[in-house]
Structure formats: C-alpha cells, structure tokens
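Be aware that the sequence shown starts at 15, since it is given in my numbering, and climbs by one per residue.
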Amino acid sequence: MPFVITVAQQKGGAGKTTLAANLAAGWASGGARVALLDIDPQRSLSRWHALRAGNAKATGAIHLSEVAGWRLAAELDRLRKNHDIVIIDSPPQIDTDARLAIRSADLVLIPIQPSLPDLWAAEGTLTLAKAEKRTVRVVLNRAPASGALLGQVTTEIAARGVVQLQSRLGNRVGFATAFALGLGVSETAPKSVAAIELMTLLAEIDAGRG
Ligand SMILES: Nc1ncnc2c1ncn2[C@@H]1O[C@H](COP(=O)(O)OP(=O)(O)OP(=O)(O)O)[C@@H](O)[C@H]1O
Ligand SMILES: [Mg+2]
C-alpha cells in the first residue's frame, strides 16, 4: 500500500522542506520507491532534487513532480500507483492545493520549532487535518535537548489532543549542508547525530504505519 505523507505547517521556515528531503533520501537509500510532490511555488524541494541529480553520492533514486492546481489530484493518483511512499511538501499557507494535499494524506506531519508562535501558527493546519479526519503527528524541529520552553510546548501540544512523535530533530548545521548538495544527512554524514535523529524519526513513522 502506498503511503502519502503531507508535510504541512503555516509557519514559514519551520523545516517542512528539510524534513521532506531528508525523509525521502532516508527511505530511498533503504530501497523504497519514493516520490516527492512539490506543491510550494517557492520550489525549494524541486531545486534540492535538481542538485541531487548531479550528485554521485545520492544513494537512492527519488522521483519528483511539481504539479499544482487542477492536475494535482490526478498526479497524486499516478504517483500512488508506482511508489511506496509519496511525500508532499506544502507551502507556508493553506491554499486550495494544500487543502487537497492534507485531505489526501495518510499522515500529516507538522514540524514545529519549540516556541509558542510556531505552535500557534500550526493551529490552522491542525484544525483542517482534524476536520478531514487525518492522522496527524507533530515533530519537534531544531529542538534543544531540554529546557523549560521545550516542556511548555510539549504540554501545549498534548493539551490540543495532538500526538507528538518521540523522535525530534536538533538544530544541526548538517541539515543545511546536506540540503545544499541535494542530499540527506543520512548520505552526507551517516554517523552524525543529525543522521541518527533522522533515521530514528523515519523508523518511528514506519512503525506507526501499522
Ligand atoms: N533541524 C534543523 N537544523 C538546522 N537548520 C535547520 C533545521 N531544519 C531546518 N533548518 C534550516 O531552516 C531553514 C528553513 O528550513 P525549510 O526551508 O526546510 O523550512 P520550510 O518550512 O520548508 O520553509 P517555507 O515555509 O519557506 O517553505 C533552512 O535554512 C534550513 O536549512
Ligand atoms: Mg519549504
């Protein structure tokens, strides 16, 4: 069964594209047939994918589609047919395409940097995903190892009845370095803390697929 993950969060710069790229690279390296669907007009993920095409260190093939508007639903159906995982990277706003991407997702993944404004910014996405009866998971990004703010944000997430993944990503320059090469952290520095965090997250998502 193909698994569709939509990475969504209205807050700009929360880490949606970084997460989509790294998860895709991690799964592709493991042999999964992975497709990316970039519905963000900024096209950051498409540009990452173009860099990847020229990098011999890319360990697994990833398909990329950048389709918007009336063609989106048909493209998603097409991708579902011959991929194990489809990851949709959405823009920092809920437009018509983003609504369809959330509606079509088996999992809506919401990266949140541990601060209250970032959590508040996610509320629209959370409400929509709930209305569409989608499975939603929050993943903390650029998270410190500990601290009062981390605890406060975690409590606030739970108070909204939203499940937060146990895995989280720290604030690690390796994510930006890998992105600039069209790679994921599991490819540039497989033994780094960033790669371990990423692969732990990937395993947690896999385990939750049931
Ligand atoms: N865990 C991390 N550690 C360090 N830097 C990170 C991390 N996650 C993201 N970044 C950096 O934060 C910036 C924004 O990340 P990214 O582009 O993935 O966010 P986004 O949610 O896709 O943004 P937009 O809303 O504009 O699409 C980038 O420079 C990226 O390298
Ligand atoms: Mg983005």
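Cβ atoms here follow ideal geometry from the backbone N, Cα and C, with glycine treated the same way.
Less than 7 Å separates the beta-carbon of Leu212 from that of Ser200. A Cβ-Cβ distance of about 11 Å is found for the pair Ile102 and Ala82, leaving them out of contact under the 8 Å criterion.
The beta-carbon separation of Thr139 and Ile126, rounded to 10 Å, does not stay under the 8 Å limit for a contact. For the pair of segments examined, the region 168-175 was found not to touch the region 35-47: the number of CB pairs separated by less than 8 Å stays below three. Ranked by how close their Cα comes to the Cα of Leu93, the residues Gly188, Arg156, His77, Gln180 have His77 in first place. At the C-beta level, Ser104 and Glu80 stay beyond 7 Å of one another. Remark: C-beta atoms of Arg148 and Val176 do not approach each other more closely than 7 Å. If you look at Pro125, you'll find it in the beta strand (DSSP E) that goes 121-126.
Unbroken beta strand (DSSP E) runs of no fewer than 3 residues, entirely contained in the region 61-111, are found at 76-79, 99-103, following chain order. Taking Ile219 as reference, the option from Val187, Arg47, Val152 with the minimal CA-CA separation is Val152.
The C-beta distance from Phe189 to Ala208 rounds to 6 Å, short enough to fall under 8 Å. For Val167, the enclosing alpha helix (DSSP H) stretches over residues 162-173.
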